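To start, the structure under review is shown below, and the notes come after it.
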Amino acid sequence: MEYNFREIEKKWQQQWVKNKTYHVEEDAQKKKYYVLNMFPYPSGAGLHVGHPLGYIASDIYARYKRQNGFNVLNPMGYDAYGLPAEQYAIQTGQHPSITTEENIKHYREQLDKIGFSFDWDREIRTCDPAYYKWTQWAFIKMFQSYYDNDLQKAQPITTLVQHFETKGTDGLNVAQSEELQFTAEEWKAMTELQQQQTLMNYRIAYLGETMVNWCAGLGTVLANDEVVDGVSERGGYPVVQKKMKQWCLRVSAYAQRLLDGLEKVNWTESLKETQRNWIGRSQGTEVQFKVANHDDLSLTVFTTRADTMFGVTFMVLAPESEYVSQVTTPEQATAVEEYVDATKKRTERERIADRKVTGVFTGSYAVNPLTGENIPIWVSDYVLAGYGTGAIMAVPAHDSRDYAFAKHFNLPIIPLIEGADVSEESYDAKEGIMINSPVEGKQTPLSLNGLTVKEAIAATRKYVVEQGIGRVRVNYRLRDAIFSRQRYWGEPFPVYYQDGMPHMIPEECLPLELPEIDKYEPTETGEPPLGRAKKWAWDVEQNKVVDKSLVNNSTIFPLELNTMPGFAGSSAYYLRYMDPHNDEALVDKKVAAYWQNVDLYVGGTEHATGHLIYSRFWNKFLHDYGYSFKEEPFEKLVNQGMIQGRSNFVYRINNDDHSAAPVFVSLGLKEQYKTTPIHVDVNMVHGDVLDIEAFKAWRPEYKQAEFILEGDKYVCSWAIEKMSKSMYNVVNPDMIVEQYGADTLRLYEMFLGPVEASKPWDTNGIDGCHRFLKKLWGLVYEYRTDQFLPNDDEPTKEQLKSVHKLIKKVTGDIEQFSYNTAISAFMICINELAQSKCTNKELLKDVIKLLSPFAPHISEELWHVLGGEDSVCDAQWPVCNEEYLKESDVQMTVSFNGKARFQMVFGIDDSREAIEEKVLADERTQKYIADKTIIKTIIVPKKIINIVLK
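Be aware that the sequence shown starts at 1, since it is given in the UniProt record's numbering, and climbs by one per residue.
Below is the structure:
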């Protein structure tokens with residue numbers, strides 16, 4: 001009986017659905033284990049073979065934990081909102097929901113073919129109102145909250161109002177956009193509008209003026225990772241820096257907790273370090289530099305090296321800084337304005353990476369608070385408005401970028417540390433270096449002479465605080481998240497506006513559903529696409545959406561026109577999977593207490609910062625109110641590598657006569673001609689040999705093509721590149737499943753290399769995994785006679801040893817995600833069992849149990865024909881018996897005068913005397929001794945036997 005994978009896989013996929021094999025419920029009698037994949041955006045292109053890599057890896061682990069008695073939650077859904085669907089809608093006029101639904105249907109069909117153990121009863125889609133109701137609910141909670149630094153948690157905004165009513169800002173230690181001070185009396189004297197404007201300074205979800213990546217071509221704000229080389233990744237439209245009023249989330253309030261939480265999770269150290277760098281904690285001093293000839297104006301700078309203030313020779317402002325317009329003199333106004341405009345066309349990421357020195361003088365000077373010296377104020381794009389205060393004090397003697405700037409513009413450089421080498425490399429001051437201060441000719445009561453760097457920093461901080469010119473503070477690079485997008489296809493904000501101030505619609509009215517519009521572009525007056533909605537106003541008396549023509553600003557108000565960004569729907573989806581059909585809560589607290597958090601999270605490294613930061617922040621906020629059970633959402637995280645494409649090329653002979661039929665020369669002959677390499681669709685190349693007829697049918701211009709062959713073949717060259725449609729190296733998993741089966745695809749993707757590593761896809765190697773499955777099938781069925789081979793015969797010691805060695809290896813490898821070496825162990829074991837003609841039914845069932853997570857279809861089939869009950873998914877994971885692994889014999893080489901002659905097998909515990917007696921009794925020994933005399937016999941048990949002859 002042949003291995004008919006098509007029939008087997010179709011059969012068991014239907015059975016799993018019919019029997020609800022992968023449906024899971026909370027079960028207090030079982031330990032829980034929650035496995036989660038970073039859910040996909042359903043693009044029109046569907047899956048290529050690189051996409052399932054992480055899903056297969058997590059599915060193996062989920063099945064493994066289930067067989068070890070855990071109650072496993074393994075859900076899947078779709079990150080369905082986003083820019084691609086909207087752009088397609090703009091181009092075609094088709095509603096994004098239609099294309100999204102079609103794409104999801106295609107994805108589901110592809111995923112089902114691969115045999116994942118997803119509980120599809122828990123499927124979520126971020127564009128489903130029943131889902132984004134809870135995203136809107138969370139946003140309302142954030143709007144109604146502030147962050148208490150003393151309690152280190154979110155608190156209701158009503159608590160803050162109570163504090164204002166009794167104490168004003170006195171004794172307040174909270175996260176805020178800017179430091180405000182007022183008394184209780186001043187608070188009470190404010191109008192309601194003024195109070196609401198003041199509270200916006202403290203809310204966790206707030207409206208704020210912030211610099212954004214504005215793309216006029218797309219009509220929306222873009223995230224940093226959506227901008228490449230100053231243009232939008234999608235469409236290639238110019239992107240500029242622009243200050244806009246946007247909804248923001250006060251992620252920065254959670255910066256320290258986000259840092260501390262990294263010590264509690266099982267992530268790689270490199271990933272943790274990436275997060276630490278993104279959060280960017282630094283402790284230093286905030287100092288005021290007065291602006292000369294401006295009595296009421298000071299520049300605030302943050303520095304970790306206050307001791308170097310003696311070496312400050314100029315200041316630099318970020319082009320976006322509000323200080324720029326205040327300090328620029330009329331003579332410098334044009335130059336400054338031109339520089340600021342040019343900077344708007346560059347993203348922060350580009351500015352950080354670019355080492356080119358540019359800048360412009362403002363015409364004003366600041367006063368060094370330690371030396372009293374006037375220092376010029378410049379503007380340069382290497383300073384960012386969002387980090388620190390947007391102003392720096394430049395110490396060119398001891399900072400590489402400051403040094404380059406000073407050299408370029410011929411500004412003073414003053415070394416402060418003995419032995420400092422003023423060069424283009426930054427000077428790294430070590431502990432114990434002496435400080436030369438004050439600067440010659442300048443008077444100051446502070447002297448750092450003879451102090452170590454650490455002592456000098458402490459002394460300067462103390463002086464700055466005592467003199468009232470600064471304070472000690474902790475700074476973070478982490479920014480608040482910009483939460484507005486000027487797009488249609490996203491979650492609507494549950495917000496209406498009264499007197500220009502936002503108000504939340506009642507929670508019981510959620511979800512506020514996305515309205516229908518006639519076009520998906522911004523309006524002719526520049527409003528976001530929702531400005532086109534006719535029925536988009538909120539009636540506070542009826543608590544419902546009404547026609548916006550009815551807006552009267554007394555009972556009917558305009559609704560927010562922006563939508564939420566992509567990460568809104570993906571920041572708490574793991575919680576919703578726990579309880580996806582609950583209409584009363586994001587997740588029932590008892591259910592959350594059972595599943596707690598994600599035990600294993602699998603996804604790409606591209607989400608190492610943005611998604612992980614935002615989801616951890618979101619979870620911590622919900623944890624503050626008791627909605628999430630654990631503060632850290634993802635216990636263990638594995639980043640799968642990328643499967644790269646194996647591109648193929650044909651070589652077209654260059655010809656000035658473009659009307660002539662193209663001629664292509666095979667790889668081995670191309671050096672005889674001048675040629676141009678052309679990417680060719682890898683699906684028409686097999687073993688690097690081109691299917692010429694398929695190639696001629698590929699494009700009209702190749703229909704009459706001619707070929708110079710090597711023998712009877714056209715051989716293509718190849719290269720490893722990113723898998724991309726433009727390089728024609730995308731491999732559709734459906735084709736692999738059709739040709740080899742899903743189990744072969746699953747095995748091969750894991751066999752390519754370690755899960756975390758990037759590796760090239762090479763269809764040429766997939767046959768080996770398929771042959772392995774056929775060889776396994778051959779242990780159960782004889783191909784020619786259809787004879788069922790397994791029986792109850794006793795297994796041999798060697799067969800027991802092979803299988804229990806496999807049990808130990810596979811168990812350890814799965815725990816370490818070393819799936820490629822586990823598959824190698826399977827291949828070795830099956831070869832050994834085939835060679836020894838193993839037919840023991842129970843031993844083969846143990847092998848099937850082990851293989852089940854990797855190749856579930858063939859395992860399910862063989863499990864049942866071998867007499868297994870229920871699903872192999874619930875078959876208990878085998879346990880290694882170490883007794884079977886103990887060696888009973890040892891093979892040793894027998895040498896004469898140091899030359900190896902033959903090998904013999906001895907008992908593992910044989911004595912030296914027994915070994916010598918057995919060797920001497922062997923007829924081969926007599927041949928080598930002949931008429932010689934034995935001088936001595938050297939025996940090292942388990943290692944060597946050497947007979948010295950004369």
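Each residue gets a CB set at the ideal place from its N, CA and C atoms; glycine is no exception.
As the structure is a prediction and not an experimental result, all values here were calculated from the model.
Residue i - DSSP class collapsed to helix/strand/coil
i, result
"VAL17", "helix"
"ILE90", "helix"
"VAL551", "coil"
"THR933", "coil"
"SER282", "strand"
"GLY261", "helix"
"ILE643", "strand"
"LYS65", "helix"
"GLU706", "strand"
"ASP428", "Residue placement at ASP428 is poorly supported in this model, since its pLDDT is 44, which falls under 50; the coordinates still yield a value, given next. Residue state, collapsed to three classes: coil."
"GLY41", "One point to set straight first is that residue 41 is Tyr, not Gly, in the sequence displayed. Reduced to three states, the DSSP call for TYR41 is coil."
"ILE945", "strand"
"PRO238", "strand"
"LEU299", "strand"
"LEU850", "helix"
Cβ separation of residue i and residue j, assumed to be a contact under 8 Å, to the nearest whole Å
i, j, result
"VAL240", "LYS344", "4 Å"
"ALA825", "LEU851", "11 Å between Cβ atoms; not a contact."
"GLN246", "GLY219", "Incorrect: roughly 15 Å between the Cβ atoms, too far for contact."
"PRO494", "LEU510", "6 Å"
"MET501", "LEU193", "6 Å"
"VAL72", "VAL17", "That pair is no contact at about 18 Å."
Spatial distance of residue i from residue j (CA atoms)
i, j, result
"ILE935", "PHE906", "23 Å"
"VAL650", "ASN831", "39 Å"
"ASP583", "MET564", "22 Å"
"GLN15", "GLN498", "57 Å"
"THR169", "THR300", "22 Å"
"SER615", "LYS272", "15 Å"
"VAL221", "HIS857", "47 Å"
"TYR78", "GLU123", "8 Å"
"GLU861", "TRP12", "8 Å"
"TYR427", "ALA394", "Since pLDDT at TYR427 reaches only 41, below the 50 mark, its modelled position is unreliable, and no value is offered."
"TYR61", "PRO853", "7 Å"
"GLN486", "LEU530", "8 Å"
"ILE619", "SER628", "Checking the sequence shown, residue 619 turns out to be Asn, not Ile. Spanning the two alpha carbons is a distance of roughly 7 Å."
"LYS290", "PHE310", "16 Å"
"PRO84", "ARG234", "8 Å"
"GLU606", "LYS703", "42 Å"
"LEU843", "LYS927", "44 Å"
"GLU2", "ALA138", "56 Å"
"THR609", "TRP536", "35 Å"
"ALA57", "THR523", "46 Å"
"ILE947", "LYS886", "29 Å"
Top-ranked residue by Cα proximity to residue i, from the options
i, options, result
"LEU416", "ASP399, LEU600, GLU185 and TYR81", "ASP399"
"ARG349", "VAL383, GLN288 and GLU373", "VAL383"
"ALA45", "LEU600, VAL731, PHE361 and LYS30", "VAL731"
"SER724", "TRP777, ARG646, TYR78 and ASP691", "ARG646"
"GLU320", "TRP378, ASN374, ILE279 and PHE289", "TRP378"
"ASN4", "GLY668, TYR781 and ILE375", "TYR781"
"LEU622", "PHE143, VAL265 and LEU773", "PHE143"
"ALA318", "LYS356, GLY388 and ARG276", "GLY388"
"LYS534", "VAL545, MET504 and ASN173", "VAL545"
"GLN256", "GLN152, ASN897 and GLU109", "GLN152"
Residue-chain proximity (residue i, chain B), Cβ-Cβ < 8 Å
i, result
"PHE143", "Among the protein chains of the structure shown there is no chain B, as only one such chain exists."
Residues sharing a beta bridge with residue i, DSSP
i, result
"GLN498", "MET501"
"GLU209", "LYS245"
"HIS106", "Answer by DSSP bridge pairing: none, since HIS106 is not bridged."
"GLY470", "VAL287"
"PRO677", "TYR651"
"HIS686", "VAL689"
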